[in-house]
Amino acid sequence: YRDPESRQLKKLSANQFMDVWAHYDKDGNGYIEGTELDGFLREFVSSANATDISPEAVTDTMLEELKSCFMEAYDDNQDGKIDIRELAQLLPMEENFLLLFRFDNPLESSVEFMKIWREYDTDNSGYIEADELKNFLRDLLKEAKKINDVSEDKLIEYTDTMLQVFDANKDGRLQLSEMAKLLPVKENFLCRQVFKGAAKLTKEDIEKVFSLYDRDNSGSIENEELKGFLKDLLELVKKDDYDAQDLKAFEETILRGVGYDKDGKISRKELTMILLTLAKMPPEDEQ
């Protein structure tokens, strides 16, 4: 991580970052954890330190203290392991590549996410293919930096890297759940405890959810608003692996269950029925 001559920290390119990731995520499960994390921390400290320290010089006691401080600072979701977004915040990265992770600017809601999905899934295939992803990344960098100085070669490198990072099933394109990891929202409001188990839903809770998804204040949830709501709902059920077909099937099931009137909208009354059903579901660990 440090230039041997100047002792300055080197900024990693997208390809170098992936090499680092592949080196430490030895089992390929998408996390650096356990002995992988220990090995990473030992080598990171010895490499990032201005003086030459061998990885072996980091004692077990030092390692545990370091791990505790390190995880407190960088383990954003507090799961005891490092994912690829967390690693990107830690390592000295090429600025443009770092911008692609949108650390300082998560989306406000899944409604916004579904609008972006519709804009870039130009062939309506239900996937973001490589060329569509490249267009998305180009526009993202333009918006972030207000300039057009990213070369085509760099864009191809970024696109390939992002596919390596987020294409979990390795089919060469991004499905909904994979794109959702690349483009996270601030919070899935439906994951709050009030919507789980036996908690009592108040009229205020339901009104808050309705206003969260009724972005245009039309008095109903429709189009991308409806898709965004269903995406958040689907994440409670399917968690990390779902695609556009799952969303479509889920939409038909949910809407059929509330006597949906086929006008492409959800009213407050229909939303209330869905949320009450959700609140009655047992917590995951009891299912």
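Position one of the sequence shown corresponds to residue 3 (our numbering), numbered consecutively onward. Even glycine gets a Cβ: it sits at the ideal position worked out from N, Cα and C. Computed from a prediction, not measured in an experiment: that's the story for all the values here.
{"Query": "From F42, E66, L135, residue whose alpha carbon lies closest to that of T161", "Result": "L135"}
{"Query": "Bridge partners - M95, DSSP secondary structure assignment", "Result": "L14"}
{"Query": "Cβ pair R120, F103 closer than 8 angstroms", "Result": "no"}
{"Query": "Cβ-Cβ distance between L109 and V187 below 8 angstroms", "Result": "yes"}
{"Query": "Contacts around A246, its chain only, beta-carbon distance under 6 angstroms, and the 5 residues preceding and following it disregarded", "Result": "G128, L178"}
{"Query": "CA nearest to the CA of L228, picked from L100, S269, L238", "Result": "S269"}
{"Query": "8 angstroms CB neighbourhood of F42 in its chain, flanking five on each side removed", "Result": "Y26, I34, I84"}
{"Query": "Proximity of K267 and I223 at Cβ, strictly below 8 angstroms", "Result": "yes"}
{"Query": "DSSP beta-bridge partners of R175", "Result": "E131"}
{"Query": "Selected residue, minimal CA-CA separation from R194, among K210, Q80, D242", "Result": "K210"}
{"Query": "Residues sharing a beta bridge with I223, DSSP", "Result": "I268"}
{"Query": "L109 - DSSP class collapsed to helix/strand/coil", "Result": "strand"}
{"Query": "Cα-Cα separation, L185 to N79", "Result": "16 angstroms"}
{"Query": "8 angstroms Cβ cutoff met for V152 and N98", "Result": "yes"}
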